[in-house]
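One structure below.
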């Protein structure tokens, strides 16, 4: 993700999508709403936006389908919900939240999670809503290149973290995973502790990158553990864990929000789509490292 | 799990199974083998033994099927493999290891994971191998009781942790999950960081219990984080995290092995099937808390 690889239209579309997601989340927070609602609202915008690898415009599996993963977690009580490999829910983040609110389970998967979605009245969408020509071309290119899984291919997973006026944090993550994934592969995004975690005692974290390395390092929980057990600051914890992922051979990034409203971000890539909005009116949207 | 609820035959069968699993793992370790091989060998024994909720004799889903979860992790390099919702592999722990060795992915699920199993030559078994009359009766009883998920129902998940002569640790976990599970529910067992984790810098951990609470607390990784970041001993870390699970409303237990050969165990239930073997010849098998 460099200035060479994004067209001006992609650059502008990505920034507009990030700004719209920030608007959606910030409006709720400004009205005194909960961090949990804000992260869900931001992700719904990004899931509908084909510039990102989640919901509409998700990366496609080896079979050319969208298999979507999402998670949400509330730092107040560490309640969490997640889904993996769902194929027909317009907003996987809402489905993850429905799982959380159903209370019995945390993670549902595959056809069973699709059935849960229908049973609970989530908005359904046809395969053509998710699978766009650009993603089909990327899949064809991946297959032509030998069909190996490129750990650097997966960028565009969407995530949001927030701290509300009451000092509660929340995190949510949504993705189509890696292009050409097979065998019901589940990445880090829907795994509580790996790609998503929130704990009012520490922070809320959402990750993007080469998911398998993020699972092995328990990235999201490790950041919270460093803050809570080792007294590290959010930025130091984020950078330390991204360095640990790099030592394992992986790359990617994280966004972090703490219960005092502090924000952090770390990535070991040339760029990462990101933005932030704070109660003092600061707004930032960026793609490349040097921004 | 008390003396009132186990018949003498169940008690004796459970102890025999634990002893056989210890024999299988200890024989490898005594011959200088790797912790990773030892935990897999122990779990293969337990997966074949109908006294435990894994492989043959697994708890059944709402639809009366076995949907098996397993994970394995190597503390040397934190490589890991896991499967969720597989239905036809005799030894899910071996399938988890095959995923680990295939290197591209960490977690495979559902029909895709079944296909991976066939493609990679894992031993297949028919549904009748897994689903036993006793488990069918438990499912009928659960449905007759209103069909709610009882967080206390799931005991019998099998796990193993080991430290080998080289100071490397490994962990593995295998389960059928909770009786009557639906919607492709995935518990903590196959989730790296939740039910299973291994890191030579800290410990190897395998968990059993009310999986959803173990996911929310990132139990296995949290124990390792307490050891590595807060300097806690294995037993203190295990007890602290089980107390945290209890504070969230859940119950269960963990087994832990450290890279110096130290062992720990903590559970918040009347009993937990467990055993240990050490290089000085100590052998222990137990079920109830007061043993």
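Protein chains in written order, with my numbering: chain A, -10 to 280; chain B, -10 to 280.
Cβ atoms here follow ideal geometry from the backbone N, Cα and C, with glycine treated the same way.
Source: prediction; values computed, not measured.
Just to confirm, is the Cβ distance from residue i to residue j under 7 angstroms?
i                      : j                      : result
residue 184 of chain B : residue 182 of chain A : no
residue 103 of chain A : residue 76 of chain A  : yes
residue 168 of chain B : residue 218 of chain B : no
residue 32 of chain B  : residue 82 of chain B  : yes
residue 283 of chain A : residue 74 of chain A  : Nothing in the structure corresponds to residue 283 of chain A, since chain A is present only between -10 and 280.
residue 163 of chain A : residue 43 of chain A  : yes
residue 78 of chain B  : residue 106 of chain B : yes
residue 72 of chain B  : residue 85 of chain B  : yes
residue 194 of chain A : residue 159 of chain A : no
residue 147 of chain A : residue 35 of chain A  : yes
residue 180 of chain B : residue 202 of chain B : no
residue 5 of chain A   : residue 165 of chain A : no
residue 214 of chain A : residue 126 of chain B : no
residue 260 of chain B : residue 278 of chain B : yes
residue 266 of chain A : residue 227 of chain A : no
residue 28 of chain B  : residue 151 of chain B : yes
residue 204 of chain B : residue 95 of chain A  : yes
residue 41 of chain A  : residue 145 of chain A : yes
residue 234 of chain A : residue 7 of chain A   : no
residue 23 of chain B  : residue 153 of chain B : yes
residue 283 of chain B : residue 63 of chain B  : This structure gives no information on residue 283 of chain B, because the portion of chain B shown stretches from -10 to 280.
residue 173 of chain B : residue 173 of chain A : no
residue 156 of chain A : residue 39 of chain A  : no
residue 216 of chain B : residue 192 of chain B : yes
residue 262 of chain B : residue -9 of chain B  : no
residue 240 of chain B : residue 225 of chain B : no
What span of residues does the beta strand (DSSP E) with residue i cover, start to end?
i                      : result
residue 121 of chain A : Per DSSP, residue 121 of chain A belongs to no beta strand (DSSP E) and is neither H nor E.
residue 28 of chain A  : Looking at the DSSP string, residue 28 of chain A is not in any beta strand (DSSP E); the run it does join, the alpha helix (DSSP H), is 24 to 37.
residue 68 of chain B  : 68 to 75
residue 148 of chain A : 147 to 152
residue 175 of chain A : From DSSP, residue 175 of chain A is part of no beta strand (DSSP E); its letter is neither H nor E.
residue 97 of chain A  : 96 to 98
residue 52 of chain B  : Unbroken run through residue 52 of chain B: none, as it is neither H nor E.
residue 187 of chain B : 185 to 188
residue 158 of chain A : 158 to 164
Quick check: is the beta carbon of residue i nearer than 7 angstroms to any beta carbon in chain C?
i                     : result
residue 80 of chain A : No chain C appears in the structure shown, which is made up of the protein chains A and B.
Where do the ends of the alpha helix (DSSP H) carrying residue i lie?
i                      : result
residue 204 of chain A : 200 to 205
residue 3 of chain A   : -3 to 19
residue 88 of chain B  : 81 to 91
Open item on the list: At 4 residues or longer, what runs of the alpha helix (DSSP H) sit wholly inside the stretch 214 to 280 of chain A?
Closed with: Those alpha helix (DSSP H) runs which fall completely within the stretch 214 to 280 of chain A and span 4+ residues are 223 to 237.
Task: the stretch 111 to 127 of chain B contacting the stretch 190 to 206 of chain A, beta-carbon criterion three pairs below 8 angstroms - done: Too few Cβ pairs lie closer than 8 angstroms, so no.
Task: chain A contacts from the stretch 100 to 118 of chain B (Cβ-Cβ distance under 7 angstroms) - done: So the close ones are 100, 101, 102, 104, 105.
Task: Against chain B: residues of the stretch 179 to 191 of chain A by CB proximity under 8 angstroms - done: Answer set for the stretch 179 to 191 of chain A: 180, 181, 182, 183, 186.
Task: the stretch 43 to 51 of chain A contacting the stretch 5 to 19 of chain A, beta-carbon criterion three pairs below 8 angstroms - done: No contact exists between the stretch 43 to 51 of chain A and the stretch 5 to 19 of chain A.
TODO: Please confirm if the stretch 205 to 214 of chain A is in contact with the stretch 187 to 195 of chain A, defined as three or more CB-CB distances below 8 angstroms between the two stretches.
DONE: Yes, since at least three Cβ pairs between the stretch 205 to 214 of chain A and the stretch 187 to 195 of chain A fall closer than 8 angstroms, the two stretches touch.
TODO: Could you run through the stretch 71 to 96 of chain B and flag, in chain order, every residue whose CB is less than 7 angstroms away from some CB of chain A?
DONE: Within the stretch 71 to 96 of chain B, the qualifying residues are 73, 74, 93, 94, 95, 96.
TODO: Would you list, in chain order, the members of the stretch 234 to 251 of chain A that have their beta-carbon closer than 9 angstroms to a beta-carbon of chain B?
DONE: Under the 9 angstroms Cβ criterion, the stretch 234 to 251 of chain A contributes 237.
- [ ] Would you list, in chain order, the members of the stretch 216 to 232 of chain A that have their beta-carbon closer than 8 angstroms to a beta-carbon of chain B?
- [x] The residues in question are 218, 219.
Open item on the list: Any C-beta of chain B within less than 7 angstroms: which residues of the stretch 194 to 205 of chain A qualify?
Closed with: Answer set for the stretch 194 to 205 of chain A: 201, 204, 205.
Task: Within 7 angstroms of chain B by C-beta, residues of the stretch 18 to 35 of chain A in sequence order - done: So the list is empty, because no residue satisfies the distance condition.
- [ ] Taking a Cβ distance cut-off of 7 angstroms, strictly less, list which residues of the stretch 44 to 62 of chain A are near chain B, in chain order.
- [x] From the stretch 44 to 62 of chain A, no residue has a Cβ closer than 7 angstroms to chain B.
Open item on the list: If the cut-off is 7 angstroms on Cβ atoms, which residues from the stretch 164 to 180 of chain A count as contacting chain B, listed in chain order?
Closed with: Within the stretch 164 to 180 of chain A, the residues whose Cβ lies closer than 7 angstroms to some Cβ of chain B are 171, 172, 173, 174, 175, 180, listed in chain order.
TODO: Could you run through the stretch 256 to 270 of chain B and flag, in chain order, every residue whose CB is less than 8 angstroms away from some CB of chain A?
DONE: Within the stretch 256 to 270 of chain B, not one residue has a Cβ closer than 8 angstroms to any Cβ of chain A.
Open item on the list: Residues of the stretch 141 to 160 of chain A in Cβ contact with chain B at a cutoff of 7 angstroms, in chain order, please.
Closed with: Residues: none.
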